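Report on one structure; see the data block that follows.
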Ligand code: JHZ
Ligand code: ZN
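In our numbering, the protein residues as written are 26 to 444.
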């Protein structure tokens, strides 16, 4: 079993840097509102429960100038994303979400009137992972291209989807003539340290009348839903629309539409284009006002979060302690699951194993807590009394797949409960 002696905190700063100025506005008015201690990198799964691995400080700062919430450190992205255990296609719910997104963008394309409109719109997906969204775009009739740094996410040749295996940057945009009608970036914007470089690249790769679409977990949903597990080192920023508008305005890429999406516990989808191309729709002003009225632009608003998170940790610990002796398994070795288990100090003593349908994760161990990750057949073999839904954002899908086992479910977020 893993233990604290196996974790090392890298004090030398070699593989992470400390944040001293805000990523968006460059201000230095940064104030801490949440400290989750030291945590391992959640997707860097271990080959053995006793494998030595690093932990890094996990602290969230609020920029009092532009309202961006951000981690106090930036871990070298190569350590997290050169090999990436997360495969987005494993979830049918996410696939359905991608299919709807592809239809939404095709609707925009169909309505577009332009003398230079080409036959098939071209979309480039940044951080295309295992091609989940790209395949849906292709089904809708787009010409597709992907950019994905993870070397383990090479798409099969038969898919005929070209992917550049690099990190997105301005220099990458300069190296290729991309000229996209749409650029999408889902669940990657929060991973990016140099957002200015990223947006300069987007601007270069976008056609003059192209649309840039970003999806990020929404900080308002994170706080209202006590989703402290979504805080981990891959997520450098926790976005509101307020700082996003500030950032996109700085780059003359005005956000012209914003939508709240249900996916991943609540996300924000923003649409941006070059200045003067689209009229700004009322949804933008409405959400900005809402954020201000609800208090998200003031530091005080964030202080209650810490108390709620600590309470949730106590409640989960208490519930799992009460079940010692029962068979308890997890479902979904998600990054957020690793974050939750580590923050709450859960070990194989309380949760014996976690089932995950991602072949890349099976046979590995969750860093920090050392819980083994196994394939679905273990549910049938073990017949657990309780299943902890560590991917609570896909609760319906996970319950549907395991209903026949007759186990009870523990849902840890937004508050610990058994159903
Ligand atoms: P899931 C990832 O976080 C990482 P994670 C990333 N940083 C990010 O921003 C968010 O996504 C959005 C498994 N599963 O999607 C698959 C099954 O086994 O909530 C995954 O390992 N069977 C990019 O990792 C995990 O659960 C199933 O039927 O927190 C879900 O992880 C289903 C539905 C899921 O994201
Ligand atoms: Zn700022």
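Heads up, the beta-carbon is just placed ideally off N, CA and C, and yes, glycines get one too. The structure displayed is predicted, hence computed values, not measured ones.
Just verifying my parser: in three-state terms, what is the DSSP assignment at residue i?
i, result
"residue 95", "strand"
"residue 26", "With a pLDDT of only 36 at residue 26, under 50, the local geometry of the prediction cannot be trusted, and no value is derived from it."
"residue 253", "helix"
"residue 108", "coil"
"residue 317", "helix"
"residue 204", "coil"
"residue 427", "helix"
"residue 454", "Residue 454 is absent from the structure shown; the chain starts at 26 and stops at 444."
"residue 433", "strand"
"residue 334", "helix"
"residue 186", "coil"
"residue 264", "strand"
"residue 192", "coil"
"residue 398", "strand"
"residue 162", "helix"
"residue 278", "coil"
"residue 71", "strand"
"residue 414", "strand"
"residue 48", "coil"
Rounded C-beta distance between residue i and residue j? I'm assuming under 8 Å.
i, j, result
"residue 411", "residue 365", "Not quite, the Cβ-Cβ distance comes to about 16 Å (not below 8 Å), so this is no contact."
"residue 235", "residue 205", "6 Å"
"residue 392", "residue 413", "18 Å between Cβ atoms; not a contact."
"residue 262", "residue 93", "6 Å"
"residue 188", "residue 172", "7 Å"
"residue 291", "residue 243", "5 Å"
"residue 58", "residue 330", "6 Å"
"residue 415", "residue 356", "7 Å"
"residue 116", "residue 324", "35 Å between Cβ atoms; not a contact."
"residue 170", "residue 145", "That pair is no contact at about 12 Å."
"residue 345", "residue 334", "With a Cβ gap of about 17 Å, residue 345 and residue 334 do not count as contacting."
"residue 448", "residue 107", "Because the chain here runs from 26 to 444, residue 448 falls outside it and cannot be looked at."
"residue 186", "residue 159", "5 Å"
Which residues does DSSP list as the beta-bridge partners of residue i?
i, result
"residue 383", "The partner list for residue 383 (beta bridge, DSSP) is empty, contrary to what the question assumes."
"residue 56", "87"
"residue 378", "354"
"residue 150", "171 and 209"
"residue 41", "100"
"residue 284", "294"
"residue 63", "82"
"residue 24", "Residue 24 lies beyond the residue range present for the chain, which begins at 26 and ends at 444; the question has no answer from this structure."
"residue 408", "Beta-bridge pairing links residue 408 to no other residue."
"residue 390", "71 and 397"
Inset, instruction - May I ask you to verify whether the stretch 300-312 touches the stretch 264-281, counting CB pairs closer than 8 Å and requiring at least 3? - result: yes
Legend entry - Under 6 Å, CB to nearest heavy atom of the ligand ZN: contacting residues: 47, 49, 50, 52, 88, 90, 91 and 93
Legend entry - Given 8 Å, three or more beta-carbon pairs between the stretch 82-100 and the stretch 251-260: yes
Inset, instruction - Answer yes if the stretch 328-340 comes into contact with the stretch 382-402, meaning at least three C-beta pairs across the two stretches below 8 Å, and no otherwise. - result: no
Legend entry - Stretch-stretch touch, CB-based, cutoff 8 Å, three pairs: the stretch 222-235 with the stretch 65-72: no
Inset, instruction - Taking 8 Å as the threshold, find out whether the stretch 281-289 comes into contact with the stretch 368-384 through three or more Cβ pairs. - result: In short, these stretches do not touch, since the Cβ pair count stays below three.
Inset, instruction - Examine the Cβ distances between the stretch 218-229 and the stretch 195-205 and report whether three or more of them are shorter than 8 Å. - result: Output reads yes: the stretch 195-205 touches the stretch 218-229.
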